[in-house]
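Take the position in the sequence shown, starting the count at 1, then add 723; the result is the number in our numbering.
Quick notes on the structure that follows.
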Amino acid sequence: MRTSTARRMGTALATAAALTSIAACGGSDGSDGSKGADGAGKDKAGAVSKVSPVAALKQVRQKTGGAQSAKVEGTTEIGSVMSMKQSGAIGWADGLSGELAITYTGGTMGDALKQTGGDGTVRARYFKDEYYANMGDAMAANTGGKHWIRYSYKDLAELGGASGDVMKDQIQNSTPEQGVKALLASGDVKKVGQEEVRGVPATHYSGTVDVADLTAKNSDLDAKQLAAFKEQLALAGVTTQTVDIWVDKNDLLVKKTERGEMKTGAFNSTLFYSDYGTEVPSEKPAASDTVDFKEMLKQGGATPGGAS
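The structure is reproduced here in structure tokens:
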């Protein structure tokens, strides 16, 4: 029984880490705030294409402030740790919000989730100060019939120490303009050319970013937290990351990729965006169907360090 409890705690912590990484990746993609359906928008976009990549991306970043939501789908691979696919709708009016269906298709994390009896699919619902994960009936069988686990960003920060602070910061600062900010911060952003993304003409931009420096510029972490984060990056073998974005004629981001190397293998993420202005789920799961992650740890008698 103790082994089963520890396994569930470890799986829950692993899921928390995976879901927050998706939030950071998914939310850090630039999406613009203008629907650009009228002729004026097209003329403006045409003018941008004639200026430097930096000037063009600054306009794209600025327009993200008016965007509210979009549909997203894509895939992520992190070496031997996990591979997954995700789809859903996200909003960014006030931090990250929305819902994603995340299916773990391989890696040690996917195997850990399947050990709970599930199929490797998690539904994640995001809010300003917390997110919820539904791992299906298999997990509910071990949580008194409750399907949703609530993760408070504040609790994750407290439980995870420096890594928890980073996790909390990444999600709370995950806005669609971050992908554009990353390229602007790279110092070597370039316009690759015109390409089609799922039948839509788009302008392709690319650059290489220093992960630690980018986090320092765009986060709310203090000096001690940043130092701890840089140490974690060094241990993981993470230094730089290549970011590519594709922007349509209305300055809407339609695709983003991120590529890098870690000690556990290559990191690759590809995300597609569409249907700007789509409705985003905003209702929290019923309290009667929710268990708090922090309470799970207490009841299981597992410590965060031991479970992770």
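In this text, a Cβ means the ideal position worked out from N, Cα and C, and glycines have one as well.
Given the structure is predicted, the values throughout are model-derived calculations rather than measurements.
Sub-8 Å separation of residue i and residue j beta-carbons
i, j, result
"Gly843", "Thr826", "yes"
"Ser992", "Thr831", "no"
"Ala816", "Gln791", "yes"
"Lys869", "Val1014", "yes"
"Met862", "Thr828", "no"
"Pro1008", "Lys972", "no"
"Lys851", "Gly818", "yes"
Residue range of the beta strand (DSSP E) that includes residue i
i, result
"Asp933", "Val923 to Asp933"
"Gly814", "Met805 to Gly814"
"Asp1012", "It is not in any beta strand (DSSP E) - Asp1012 carries neither H nor E in the DSSP assignment."
Residues of its chain near residue i, where Cβ-Cβ distance is below 8 Å and the 5 sequence neighbours each way are ignored
i, result
"Lys914", "Pro776, Ala779, Thr926, His927 and Tyr928"
"Val912", "Pro776, Val777, Leu780, Leu906, Tyr928, Ser929 and Gly930"
"Glu1018", "none"
"Ser803", "Gly830, Thr831, Thr987 and Gly988"
"Glu853", "Arg873, Tyr874, Ser875 and Tyr876"
"Gly833", "Met805, Ser806, Met807, Tyr827 and Gly843"
Beta-carbon separation (whole angstroms), residue i vs residue j, contact threshold 8 Å
i, j, result
"Val932", "Thr963", "6 Å"
"Gly982", "Phe990", "In the sequence as displayed, the identity of residue 982 is Arg instead of Gly. Arg982 to Phe990, Cβ: 7 Å. Contact."
"Gly814", "Val970", "Between Val970 and Gly814 the Cβ distance is about 20 Å, and since that is not below 8 Å, they are no contact."
"Val783", "Asp967", "Between Asp967 and Val783 the Cβ distance is about 14 Å, and since that is not below 8 Å, they are no contact."
"Tyr849", "Ser875", "Wrong, their Cβ atoms sit about 12 Å apart, outside the cutoff."
DSSP beta-bridge partners of residue i
i, result
"Phe850", "Per DSSP, none; premise fails for Phe850."
"Glu918", "Ala925"
"Asp967", "Ser929 and Thr980"
"Asn857", "Arg846 and Trp871"
"Leu994", "Gly797 and Lys979"
"Ser792", "Gly814"
"Met985", "Gly988"
"Lys913", "Ser929"
Extent of the continuous alpha helix (DSSP H) to which residue i belongs
i, result
"Ala861", "Asp860 to Ala863"
"Leu823", "Taken as a continuous stretch (DSSP letters only), Leu823 belongs to no alpha helix (DSSP H), being part of the beta strand (DSSP E) at Ser820 to Gly829."
Same chain, Cβ closer than 6 Å to residue i, five either side skipped, listed in chain order
i, result
"Ala824", "Ser810, Gly811 and Arg846"
"Ser997", "Lys794"
"Asp860", "none"
"Ile801", "Phe990"
"Thr1001", "Ser792, Lys794 and Ala812"
Chain B within 8 Å of residue i, Cβ atoms only
i, result
"Ile825", "Looking at the structure shown, chain B is missing, and only one protein chain is on hand."
Sequence-distant residues of the same chain with beta carbon closer than 7 Å to residue i, five excluded per side
i, result
"Gly1071", "An answer regarding residue 1071 cannot be provided, because it is not within the stretch 724 to 1031 covered by the chain."
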